[in-house]
Structures are given as C-alpha cells and as structure tokens.
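Engineer:
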Amino acid sequence: MSRLWIMRHGEAGDTAPDSARELTPHGKRQVADMADRLARRCETQALPVTRIVTSPYVRARQTAAVMGQALGVAVETLSGITPEDSPRAFCDWLANQPGNLLVVSHMPLVGALAGLLVEGREDQGRAFPTAGIAELDADVWAAGCARQVTFSAP
1 MSRLWIMRHG
11 EAGDTAPDSA
21 RELTPHGKRQ
31 VADMADRLAR
41 RCETQALPVT
51 RIVTSPYVRA
61 RQTAAVMGQA
71 LGVAVETLSG
81 ITPEDSPRAF
91 CDWLANQPGN
101 LLVVSHMPLV
111 GALAGLLVEG
121 REDQGRAFPT
131 AGIAELDADV
141 WAAGCARQVT
151 FSAP
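The opening residue of the sequence shown carries number 1 in full-length UniProt numbering; numbering runs sequentially from there.
#1: Short check: CB of R88 to CB of G111, under 7 Å?
#2: Are three or more beta carbon pairs between the segment 128-142 and the segment 5-25 nearer than 8 Å?
#3: Per DSSP, what are the beta-bridge partners of R51 in this structure?
#4: Of the choices V53, A74 and G68, whose alpha-carbon is the least far from that of T82?
#5: Assign residue 171 to buried or exposed, taking buried as 16 or more other Cβ atoms, counted over all protein chains shown, within 10 Å of its Cβ.
#6: Would you call the CB atoms of R21 and R61 closer than 7 Å?
#7: Per the DSSP calculation, I133 is bridged to which residue(s)?
#8: Can you find the residues in the same chain that come closer than 7 Å, C-beta to C-beta, to E119, ignoring five residues on each side of it along the sequence?
#9: From L38 to A64, what distance separates their C-alpha atoms?
#10: Taking just the CA atoms, how far does E76 sit from V66?
#11: Going by DSSP, name the residue or residues bridged to E76.
#12: If contacts are defined as beta-carbon pairs under 8 Å, then T50 and V73 qualify, I think. What distance do you get, rounded to the angstrom?
#13: What three-state label does DSSP hand R59 in the structure shown?
Next comes the structure, spelled out in structure tokens:
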C-alpha cells in the first residue's frame with residue numbers, strides 16, 4: 001500500500017497571468033503551517049513522503065519548495081498538473097510511480113483527482129481550501145481504488 005497527498009497551493013495574489021501568480025504573505029503562512037503538520041505526521045507515522053511533484057505555476061512551485069524543505073525531499077515539476085489538466089491523465093501517470101507521493105496543484109484539478117481516485121468519478125471531488133491536503137492510500141492508483149485517510153486545512 002502506498003500514500004498520496006494531494007495539496008492545493010497556498011493563497012495567491014490576483015495578478016495576471018494566472019501562471020505567474022505568487023503566494024501572498026497569508027499563503028506563505030498557510031503553507032508553512034501545513035508543512036510543519038505534514039512533517040510531524042510523517043515522522044510520527046514513520047510514513048515518509050518520498051517524492052514531491054508540482055505544477056509549473058509559480059504559486060504551486062513556491063508551495064512545493066516549502067513542503068520539500070520541511071520534508072527533506074527534492075521537488076520535481078510536472079507539466080500536466082495545471083488547473084485545467086486532466087485528472088485521468090495524471091491518474092494514468094500515477095499508476096506507474098513508486099513510493100509515497102505529494103502532489104501540489106490547483107483547483108479544480110485537485111478536487112477532481114481526489115474524486116476520481118476515491119469515488120471513481122471526477123465530479124465527486126471535494127472543494128480544497130488553499131493549502132488543503134487530502135491523504136489517500138491505495139494498493140493500486142486507479143479510479144475508485146483509493147481511500148481517503150485524512151483531510152486537513154490551515
């Protein structure tokens with residue numbers, strides 16, 4: 001069984017273009033709080049995050065950098081996880097990935113991905129507040145095959 005943490009980036013400013021939006025001071029505090037929480041949970045549970053992948057958008061990369069530092073894990077940028085990308089395509093990619101993965105992305109992708117993995121349907125996903133994290137486990141990463149273990153938000 002492996003774990004997947006799905007995280008929405010912290011609060012971002014309203015500047016354009018969308019891909020260049022940066023975390024606000026509040027967003028930076030949200031992410032720091034969640035990084036501390038996840039690091040403590042992983043240590044207590046002896047369940048390490050082994051990889052972090054992030055959207056190429058600035059706010060997601062900023063979020064992932066903080067998470068990576070707290071968890072001691074390098075961050076990889078993955079182009080197919082921007083707000084409007086396909087949860088099914090990510091699910092197909094995920095099926096062949098080893099280890100325990102943290103993915104940092106955006107709404108509506110994170111909500112649709114959680115819905116697809118747990119309920120088997122993209123339209124059954126939940127709303128993620130900024131910096132929210134859903135923790136899932138599964139024997140195989142495929143539609144409807146995961147179980148939500150926890151959900152936390154700042």
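All C-beta atoms in this analysis are idealised placements derived from N, C-alpha and C, irrespective of residue type, glycine included.
Bear in mind that the values here come from a model prediction, so they are computed numbers and not experimental data.
Structural biologist: Straight from the coordinates:
#1: In this structure, G111 does not lie closer than 7 Å to R88 by Cβ.
#2: Result yes; three or more Cβ-Cβ pairs closer than 8 Å.
#3: R51 pairs with L101.
#4: Of V53, A74 and G68, the smallest CA-CA separation from T82 is found for V53.
#5: Nothing about residue 171 can be reported from this structure: the residues present for the chain run from 1 to 154 only.
#6: Inclusion of R21 and R61 in the CB contact set at 7 Å is not warranted, their separation being larger than that value.
#7: Per DSSP, M7 and S152.
#8: Within the same chain, E119 has close Cβ partners G144.
#9: One C-alpha to the other measures close to 12 Å.
#10: In a straight line, the C-alpha of V66 is about 13 Å away from that of E76.
#11: According to DSSP, which records beta bridges pairwise, E76 is partnered with V53.
#12: Yes, they are in contact, since the Cβ atoms of T50 and V73 sit about 7 Å apart, within 8 Å.
#13: The answer is helix: DSSP assigns R59 an H, G or I state.
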